[in-house]
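Here's the structure we're looking at; comments come further down.
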Amino acid sequence: MRAWIILVGSAVFETVWAIALSESNGFSEPVPTVVFVVAAVISMTGLGIAAQHIPIGTAYGVWTGIGAVGTVVYSAVTGQEQLSWFGWLCLVVIVGAVVGLKLTTPGKAEGAPVSDEAGTL
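Read in order, the letters of the sequence shown correspond to residues 1 to 121 in the UniProt record's numbering.
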């Protein structure tokens, strides 16, 4: 369960770095640029830690799905982006896919790393 919490947290930081990237105006604005760098490091580190315990395909799919939905929702709520009903429906489908990946990933004992076929890392 800890790996999933780390994964979701790192996906939230993916949303933060994506928004900061947009606000940095090509890295010409110092504060958003620093926020981008810090959030990107936290986000990637969390993904790396989670991927030790969750299969990478699932971890990456969940990470990108949450990050994408968070970024689009932020943009829509702040008026930077207009979404049609179909756009909102697509976001719901992405959320459904993320939940589906979580529910269909085989459970592992807490702290048990993901191993290859030979049983090693």
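All residues carry an ideal CB built from backbone N, CA and C; glycine is no exception.
Per DSSP, reduced to three states, the secondary structure at methionine 1 is coil, with no helix or strand assignment. Between the C-alpha atoms of serine 10 and arginine 2 there is a straight-line separation of about 12 Å. About 13 Å separates the CB atoms of alanine 40 and tryptophan 63; that is not less than 8 Å, and the two are not in contact. In the structure shown, leucine 83 adopts coil according to DSSP, grouped into three states. Distance from the CA of threonine 33 to the CA of glutamate 14, rounded to the nearest whole angstrom, comes to 14 Å. For proline 106, the closest of Ile6, Leu91, Ala59 by C-alpha to C-alpha distance is Ala59. In this structure, isoleucine 19 sits near threonine 71, with a CB-CB distance shorter than 8 Å. Comparing alpha carbon positions, the residue from Val98, Val12, Val73, Phe86 closest to isoleucine 42 is Val12. Residue state for glycine 26 is assigned as coil, using DSSP reduced to three classes.
Within the same chain, Cβ atoms closer than 7 Å to the Cβ of valine 95 are found at Val69, the five residues on either side in sequence being excluded.
Glycine 46 and leucine 103 have their C-alpha atoms some 20 Å from each other.
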